[in-house]
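*Asks:* Chains as they are written, first to last, in the numbering used here: chain G, 727 to 982; chain S, 727 to 982. Just so it is clear, CB atoms sit at the ideal spot from N, CA and C, and this is done for glycine as well.
Number of protein chains: 2
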Amino acid sequence: MTQIKRPDDNVQSQNVVPITLTSLKAACSQCNLRELCLPYGLSETEIAQIDHLVGGRRKVKRGHHLYRAGDPFEAIYAIKMGFFKTDILLEDGRDQVTGFQMAGEILGMDGIGTDVHTCNSIALEDSEICIIPFVQLEQLSREVQALQRHFHQVMSREIVRDHGVMMLLGTMRAEERLAAFLLNLSQRFTARGYSPQEFHLRMTREEIGSYLGLKLETVSRAFSRFQDDDLISVHQKHIRILDAGGLKRLLNHQAP
Amino acid sequence: MTQIKRPDDNVQSQNVVPITLTSLKAACSQCNLRELCLPYGLSETEIAQIDHLVGGRRKVKRGHHLYRAGDPFEAIYAIKMGFFKTDILLEDGRDQVTGFQMAGEILGMDGIGTDVHTCNSIALEDSEICIIPFVQLEQLSREVQALQRHFHQVMSREIVRDHGVMMLLGTMRAEERLAAFLLNLSQRFTARGYSPQEFHLRMTREEIGSYLGLKLETVSRAFSRFQDDDLISVHQKHIRILDAGGLKRLLNHQAP
DNA sequence: GGTCTATATTGACCCAGATCAAACGGCCTG
DNA sequence: CAGGCCGTTTGATCTGGGTCAATATAGACC
Chain G
727 MTQIKRPDDN VQSQNVVPIT LTSLKAACSQ CNLRELCLPY GLSETEIAQI
777 DHLVGGRRKV KRGHHLYRAG DPFEAIYAIK MGFFKTDILL EDGRDQVTGF
827 QMAGEILGMD GIGTDVHTCN SIALEDSEIC IIPFVQLEQL SREVQALQRH
877 FHQVMSREIV RDHGVMMLLG TMRAEERLAA FLLNLSQRFT ARGYSPQEFH
927 LRMTREEIGS YLGLKLETVS RAFSRFQDDD LISVHQKHIR ILDAGGLKRL
977 LNHQAP
Chain S
727 MTQIKRPDDN VQSQNVVPIT LTSLKAACSQ CNLRELCLPY GLSETEIAQI
777 DHLVGGRRKV KRGHHLYRAG DPFEAIYAIK MGFFKTDILL EDGRDQVTGF
827 QMAGEILGMD GIGTDVHTCN SIALEDSEIC IIPFVQLEQL SREVQALQRH
877 FHQVMSREIV RDHGVMMLLG TMRAEERLAA FLLNLSQRFT ARGYSPQEFH
927 LRMTREEIGS YLGLKLETVS RAFSRFQDDD LISVHQKHIR ILDAGGLKRL
977 LNHQAP
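1. Whose C-alpha, out of 943/G, 944/G and 936/G, is nearest the C-alpha of residue 824/G?
2. Whose CA, out of 790/S, 976/S, 788/S and 755/S, lies closest to the CA of residue 900/S?
3. Please report the distance separating the alpha-carbon of residue 772/S from that of residue 872/S.
4. If you draw a straight line from the C-alpha of residue 917/G to the C-alpha of residue 753/G, how long is it?
5. From the DSSP secondary-structure annotation, give me the bridge partner or partners of residue 960/G.
6. By alpha-carbon positions, which one of 910/S, 853/S and 782/S ends up nearest to residue 887/S?
7. So if I threshold CB-CB distances at 9 Å, which residues from the stretch 810-826 of chain G count as touching chain S?
8. What are the boundary residues of the beta strand (DSSP E) that residue 854/S is part of?
9. Listed in chain order, which residues of the stretch 840-853 of chain S have Cβ atoms closer than 8 Å to some Cβ of chain G?
10. If contact means a Cβ-Cβ distance below 7 Å, which residues of the stretch 885-900 of chain G contact chain S?
11. Quick one: what's residue 891/S bridged to in DSSP?
12. According to DSSP, is residue 838/S helix, strand or coil?
13. For residue 981/S, count neighbouring Cβ atoms within 10 angstroms of its own Cβ and tell me buried if that reaches 16, exposed if not.
14. For residue 847/S, which three-state DSSP category applies?
15. So if I threshold CB-CB distances at 8 Å, which residues from the stretch 871-883 of chain S count as touching chain G?
16. For residue 827/G versus residue 810/G, is the C-beta spacing smaller than 8 Å?
17. Is the distance from the Cβ of residue 830/G to the Cβ of residue 805/G below 8 Å?
18. Would you kindly report the start and end of the unbroken alpha helix (DSSP H) that includes residue 940/G?
19. Quick check on residue 756/S: does DSSP put it in helix, strand or coil?
20. Between residue 779/G and residue 833/G, which are expected to be in contact by the criterion C-beta below 8 Å, what is the C-beta distance as a whole number of angstroms?
21. Compute the Euclidean distance between the alpha carbons of residue 920/G and residue 788/S, then round it to the nearest angstrom.
22. For residue 953/S, which residues of its own chain have a beta-carbon under 7 Å away from its beta-carbon, when the five flanking residues on both sides are left out?
23. Comparing C-alpha positions only, which one of 762/G, 947/G, 938/G and 926/G sits nearest to residue 850/G?
24. Where does residue 971/G land, buried or exposed, given buried means 16+ other C-beta within 10 angstroms?
25. Cβ of residue 842/S within 8 Å of Cβ of residue 797/S?
26. Which bits of chain S does residue 864/G rub up against, with CB to CB less than 8 Å?
27. Using the rule of at least 16 other Cβ atoms within 10 Å of the residue's Cβ for burial, across every protein chain shown, is residue 950/S buried or exposed?
28. Check residue 818/G in the structure and name its three-state DSSP category.
29. Run through the DSSP bridge pairs and tell me what residue 833/S is partnered with.
30. Is the beta carbon of residue 915/G less than 8 Å from the beta carbon of residue 938/G?
31. Does the separation of the CB atoms of residue 793/G and residue 847/G fall below 8 Å?
32. Can you check DSSP and say which residues form a bridge with residue 793/G?
33. State the DSSP-derived secondary structure class of residue 823/S, mapped to helix, strand or coil.
34. Below 8 Å on the Cβ atoms is my guess for residue 875/G versus residue 839/S; work out the distance and round it to an integer in Å.
35. For residue 724/G, which residues in chain S fall below 7 Å Cβ to Cβ?
36. Select from the stretch 927-943 of chain S all residues with a C-beta closer than 9 Å to any C-beta belonging to chain G, and list them in chain order.
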């Protein structure tokens with residue numbers, strides 16, 4: 727309903743860095759995200775094979791779409807740097823954030839089933855992604871078994887992640903949802919070499935609320951409660967986790 | 727929390743119909759579900775190729791598990807006949823039904839990512855499934871492009887379906903959720919040649935509630951309200967949809 | 001550096017759905 | 001066919017989070 731006003735721009739051709747010798751040099755084999763991203767588990771020689779899989783890069787500025795619901799599906803995207811959200815918009819204006827994605831994670835798999843994207847992908851900070859043309863990914867998957875395997879794992883994990891969100895939305899109370907959300911972010915930041923205790927939220931309270939099935943006021947109140955209980959400290963988007971154990975305990979004890 | 731008491735039995739070896747000439751004869755190329763199931767979109771010759779993909783059949787009696795969270799992942803399963811639910815169980819006893827599956831649909835993709843199943847799959851009526859050993863599926867996917875493509879589509883559609891459930895759980899009111907649920911069931915029964923208006927629910931109110939993030943009493947009350955409004959008629963598990971348009975209208979009008 | 005606008009916090013009140021409780025209806029089993 | 005057991009329906013009451021509203025804070029933009 728509250729259509730966030732942000733620059734509207736996802737012209738496909740714009741900001742696409744063409745493949746050149748220099749860009750190739752910075753493809754998977756040279757990328758420090760390869761242990762988190764699509765090449766995970768591949769041998770050196772296999773990674774070399776998938777280097778030319780990346781059909782270019784694209785910068786997506788904060789607030790801009792990487793793709794929109796309805797766009798034809800042509801490629802999936804690996805986040806080189808930055809932060810995204812995906813959301814679905816109903817005709818009546820209601821929307822639901824379906825996920826937040828960070829460096830090394832894959833975007834766009836929603837489009838495979840129907841050849842059309844079914845959600846919107848929007849950068850929450852200035853970002854850069856690697857374009858992986860899907861036809862080529864399938865082609866190479868037929869040749870490189872480890873790539874095939876890992877791509878299937880990536881899709882499966884997305885399904886499992888979605889089940890976790892369903893659990894959260896279906897059975898958890900507001901504070902549990904937020905605790906789970908913070909712990910999940912912390913864990914993913916840690917995997918990327920950042921502090922587990924301290925990070926900046928890239929999204930608004932409203933976006934967190936949409937993801938967690940709560941109103942922004944409820945999110946804000948839960949943050950304040952956590953702060954009162956010395957579980958975290960919050961200042962706007964800056965979060966410091968003071969008692970991760972306390973947050974975890976919140977998760978396992980359902981209220982009366 | 728309410729652990730439903732049902733026979734406990736998913737011994738893998740039991741009830742597995744071994745591959746014989748006769749069982750092969752009834753594999754994909756002879757199966758009347760092939761337009762709904764994994765072979766969809768494949769040519770006659772391609773379907774012939776995947777006939778020996780099915781590593782046997784297995785009957786699963788009502789209330790029994792096809793697999794459990796924690797079981798090693800080895801195969802995915804195509805439902806030949808019957809009806810299943812999948813659910814996740816939290817340590818504290820809370821559980822969430824993550825889906826209901828019917829003939830032609832694929833089960834088990836949750837296990838690909840970690841080589842271990844992450845949810846439970848339970849038959850809601852006496853059922854029979856085709857076992858598709860995953861190693862062989864990947865093998866054949868590397869050879870038959872159309873199979874690869876379609877398998878990716880099946881996984882992607884599962885992701886999109888999950889997004890729809892997230893939308894439902896995150897933004898819809900109780901009656902909208904139930905209306906969406908009924909319309910979805912109706913549409914899937916129709917695709918299988920059954921009546922769009924009239925069907926038997928295979929699941930309890932509690933299971934519907936778990937899936938929709940509601941309590942069973944709320945589900946029951948919503949059914950009664952729909953009946954009062956002449957949208958449906960309900961008698962226990964027997965449903966007749968009287969006004970599909972009315973149900974659809976419920977979906978698009980969010981309450982004040 | 002001051003104004004503007006988006007985001008965040010906090011308070012007061014309300015309501016959809018949860019909870020508690022009771023009764024009903026199929027159906028299976030002995 | 002009587003008795004017990006689920007699963008379901010319905011009523012009465014309670015409450016977590018939604019809604020409405022006012023204020024605070026901070027970037028962003030001249």
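*Replies:* With the given structure in hand:
1. 936/G
2. 976/S
3. 8 Å
4. 21 Å
5. 965/G
6. 910/S
7. 812, 814, 816, 817, 818, 819, 820, 821, 822, 823, 824 and 825
8. 853-859
9. 840, 844 and 845
10. 885, 886, 888, 889, 891, 892, 893, 895, 896 and 897
11. Residue 891/S is not bridged to any residue.
12. coil
13. Confidence at residue 981/S is low in this model, with a pLDDT of 44, below 50, so its placement is unreliable and the value that follows should be read with caution. So residue 981/S counts as exposed.
14. strand
15. 871, 874, 875, 878, 879, 880, 881, 882 and 883
16. yes
17. yes
18. Run containing residue 940/G: none; DSSP gives neither H nor E here.
19. helix
20. That belief does not hold up - the Cβ atoms of residue 779/G and residue 833/G are roughly 16 Å apart, past 8 Å.
21. 49 Å
22. 959 and 960
23. 926/G
24. exposed
25. yes
26. 871, 874, 875 and 878
27. exposed
28. coil
29. 803/S
30. no
31. yes
32. 847/G
33. strand
34. At roughly 11 Å, the Cβ-Cβ gap does not stay under 8 Å, so residue 875/G and residue 839/S are not in contact.
35. The question about residue 724/G has no answer, for chain G in this structure spans 727 to 982.
36. 936, 937, 938, 939 and 940
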